[in-house]
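Asker: This is the structure I have questions about; it appears just below.
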Amino acid sequence: MGKLAYTVPDCKKVRYIIHTDCKNEADDQYTVAHCLMTPLLDVKGIIAAHFDKSYGRYPDGATAQASYEEILRVLEAMDLIGEYPVKCGAPTAMPDEQTPIDSDGARFIIEEAMKDDPRPLFIGLQGAITDLASAILMEPKICDRMTAIWIGGGEYPKGGEEFNLSQDIAAANVVMKSSMPLWQVPSNIYKNFAVSLAELQCKVMPHGKLGKYLFDELTELNVNLAEMLPDFNWPHGELWGLGDEGVVAALMHEGQRTDLYHEINAPEFDYETMEYKLDTNNRKIRVYDKMDYRLTLEDLFCKLAIFAQ
35 MGKLAYTVPD CKKVRYIIHT DCKNEADDQY TVAHCLMTPL LDVKGIIAAH FDKSYGRYPD
95 GATAQASYEE ILRVLEAMDL IGEYPVKCGA PTAMPDEQTP IDSDGARFII EEAMKDDPRP
155 LFIGLQGAIT DLASAILMEP KICDRMTAIW IGGGEYPKGG EEFNLSQDIA AANVVMKSSM
215 PLWQVPSNIY KNFAVSLAEL QCKVMPHGKL GKYLFDELTE LNVNLAEMLP DFNWPHGELW
275 GLGDEGVVAA LMHEGQRTDL YHEINAPEFD YETMEYKLDT NNRKIRVYDK MDYRLTLEDL
335 FCKLAIFAQ
């Protein structure tokens, strides 16, 4: 395992929880690995999220477990089995905005948030937001003790159908109506973390067991999904979106680049259309308008190369 030739000062580090629907497709694995290779992030644990609306790819209620098992495969490829707590989140979406789904994942969020630790705590949500919403309903005090970064929601100002949001609209509304600080990376922003498969072959595949695993997982899924859903408009053939990299991009810049985002009163979501309801009195949230896409991706590629040394 290669070692970075620089040190991140302890005062700059933040506590971090990875929350990932890791077996939904193939970008989550890249971001999980990136977070674990980034010394700015003191990763406290990893939570496996459901993606229960999976177009029939998995039985109902089985996707969080699939994500859990995929997280372990990524850790194995990094020789990090046993180094981080891995918890399973809710198997399905919340039934309504009042009813949390108790899970090891939701309880882990509460446990970490309530610790007596002065360092900031962030959770990066790379899929459905069920477990955070459940944790908020189970222990509202966590809202004052952590910040959430969510890859989800449609393009402003209208919004509309978006995969991560569609997994649990009730949970998204719970988080939007809460007082927890929230940084949202909507779909028109996260889609810009695009790569070609040729780029991944050059910059990921050659770099050890981890690089080969990440490349093989993505390229195999590229073929399998196309065969399973030949009339669907995704995947694209020679391109892939590493949209979950938005959580890393947000934290690498943190508050230094105020030109990258604006703040608005947190919207709510229409259950039928997933469109935004913008006229609210909810607390303000950060919404990203752009990110430094290439800086983030090149940081990933460089860390993969160093890790394999």
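Using the working numbering, read the sequence shown as starting at 35 and increasing by one per residue. Cβ coordinates follow ideal geometry from the N, Cα and C atoms, glycine included.
#1: Please report the Cβ distance between Y40 and C69, rounded to the nearest whole angstrom; I am assuming they are in contact, meaning their Cβ atoms lie under 8 Å.
#2: Is there a Cβ of chain C sitting closer than 9 Å to that of N316, yes or no?
#3: How many angstroms separate the CA atom of A339 from the CA atom of L244?
#4: Just reading off the beta strand (DSSP E) that K192 is part of, what are its end residues?
#5: Please classify K237 as buried or exposed, where buried requires at least 16 other C-beta atoms within 10 Å of its C-beta.
#6: What residue range does the alpha helix (DSSP H) around V257 cover?
#7: With H, G and I counted as helix, E and B as strand and the rest as coil, what does DSSP make of D178?
#8: With DSSP as the reference, label Q132 as helix, strand or coil.
#9: Mind pulling the alpha helix (DSSP H) runs of 4 or more residues that sit fully within the region 69-108?
#10: Would you kindly work out how many angstroms separate the C-alpha atoms of H241 and K37, rounded to a whole number?
#11: Closest to L106 by C-alpha separation, out of M214, D62, P152, would be which residue?
#12: Please list, in chain order, all residues of the same chain as L259 whose beta carbon is under 6 Å from its beta carbon, the five residues on each side excluded.
#13: Are there 16 or more other CB atoms within 10 angstroms of the CB of Q218, so buried, or fewer, so exposed?
#14: Hey, out of D138, E59, P134, whose CA is closest to S101's CA?
#15: So Q218 is in the beta strand (DSSP E); what residue range does that whole segment cover?
#16: State whether the region 187-199 contacts the region 141-155, with contact taken as three or more CB pairs (one from each stretch) at a distance under 8 Å.
#17: When burial is assigned at 16 or more other CB atoms within 10 Å of the CB, is S213 buried or exposed?
Answerer: The answer reads as follows:
#1: Wrong, their Cβ atoms sit about 18 Å apart, outside the cutoff.
#2: Absent from the structure is chain C; it holds one protein chain and no more.
#3: 10 Å
#4: Unbroken run through K192: none, as it is neither H nor E.
#5: buried
#6: 242-262
#7: helix
#8: coil
#9: none
#10: 14 Å
#11: D62
#12: P269
#13: buried
#14: E59
#15: 216-219
#16: no
#17: exposed
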